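Per the numbering used here, the sequence shown runs over residues 297 to 531.
All C-beta atoms, glycine included, are put in the ideal place defined by N, C-alpha and C.
It should be emphasised that the depicted structure is a prediction, and the values quoted were computed from it without experimental measurement.
Read the structure below first, then the notes.
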Amino acid sequence: MASKFDIMQMFEKRQNNGQSQSQSQSVSQTGSQSGQVSQTGSQTGSQTQSGSTTAMPTIPQDAPAGILTVTQPPQQSTSYYKIAPNEFITFAWNFSYILATPTHLTVSAVCENGNTYPVGPTDGIIPGTAASVIWDTYSYQTSHPQLPLAQAEYTLKIWGDQGPDAPRAPGYLTPNSALQFALYTPQAYTPITSGWSCTGCSGALSQYITHPAFSAVMATLLVMFLSGSILMRRI
């Protein structure tokens, strides 16, 4: 028969085994819960990341390229604008076949001397949905003495996010450089009483007087006048 001491040892072993199993179950449950929390956090992070992604527009490959058509000034002939106070230039246009709206437009005037000037009050950068821009050339001239506007012809260039040399792409804006215009600076007014004279007019008159044809015409008119006078006396 087992002694009292042996019975107590067996009872203590059972208690220890029960506590070990309970601790193992608790650790297992805690690890499972932690894994669930980690999995939930991972799912939440994925949802947050996917929520911040902006969906790009779906553009069919056979869609036409977006175009910009200048409506003001007319493109049939070159428009001339003077650089003077309160003289503003308005450029206007419309869009066609734009499926991917640009975030901004860049408007520049490229001079025939090679210089490029920003057009408009915001250094040539305007919203992508803008359909016009107003250019105060006189204010630009006075504010940028280091790069003044020349009296010459210019090409207006407008492009979107893809840059000035972007190729034609379905739904995206194609850069436009179809408009030609010219700028000039008017001369200050000088009254005739202050000594103003038309240099061009004087030069043209001297050219006519010295031309041989002019002398021949004047001689013919003189002969006709004298002949007519003689005939009138005889009558």
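List the residues that DSSP assigns as beta-bridge partners of residue i.
i             : result
aspartate 432 : Phe384
leucine 452   : Ala405, Leu475
glutamine 368 : Ala388
histidine 400 : Pro423
tyrosine 480  : Lys378
glycine 524   : None, per the DSSP bridge assignment.
glycine 362   : Leu469
proline 414   : Ser404
Could you work out which residue in the options is closest to residue i when comparing CA atoms only?
i             : options                        : result
threonine 486 : Cys494, Gln357, Ala427         : Cys494
threonine 425 : Gln447, Leu401, Lys378, Ile363 : Leu401
serine 435    : Gln371, Pro414, Ala388         : Pro414
proline 356   : Gln372, Tyr393, Lys378         : Tyr393
glutamine 483 : Ala380, Gln372, Asp358, Thr451 : Ala380
tyrosine 376  : Ile422, Thr412, Thr481, Ser490 : Thr481
aspartate 419 : Ala427, Ser439, Asn472         : Ser439
proline 369   : Pro441, Ala474, Ile363, Leu469 : Ala474
glycine 362   : Ile422, Glu408, Asn409, Asn472 : Asn472
Cutting at 8 Å between CB atoms, please list the residues of its own chain near residue i, excluding the five before and the five after it.
i             : result
proline 444   : Gln437
threonine 374 : Glu449, Gln476, Phe477, Ala478
serine 338    : In this predicted model, serine 338 has a pLDDT of only 41, less than 50, meaning its place in the structure is not dependable; the value taken from the coordinates is given anyway. Around serine 338: no qualifying Cβ.
aspartate 358 : Pro466
lysine 378    : Leu479, Tyr480, Thr481, Pro482
serine 428    : Gln368, Thr386, Phe387, Ala388, Trp389
Using 8 Å as the threshold, is the C-beta distance between residue i and residue j below it?
i              : j             : result
asparagine 382 : threonine 367 : no
glycine 456    : proline 398   : yes
proline 263    : proline 463   : This structure cannot speak to residue 263, because the chain is shown only from 297 to 531.
valine 406     : threonine 451 : yes
If you drop the 5 nearest sequence neighbours on each side, which residues of the same chain put their C-beta closer than 6 Å to that of residue i?
i              : result
isoleucine 430 : Phe384, Thr386
alanine 512    : none
aspartate 432  : Phe384
Exposed or buried, what is residue i when buried is set at 16 or more other beta-carbons lying within 10 Å of its beta-carbon?
i              : result
alanine 509    : exposed
alanine 396    : buried
alanine 515    : exposed
isoleucine 454 : buried
leucine 469    : buried
glycine 459    : exposed
isoleucine 422 : buried
Going by beta carbon distance, what residues of the same chain come within less than 7 Å of residue i, once the five residues before and after it are set aside?
i          : result
serine 404 : Thr412, Tyr413, Pro414, Val415, Gly420, Lys453
Shorter than 8 Å from the beta carbon of residue i to some beta carbon of chain C?
i           : result
proline 463 : Considering every chain present, this structure includes no chain C. It has just one protein chain.
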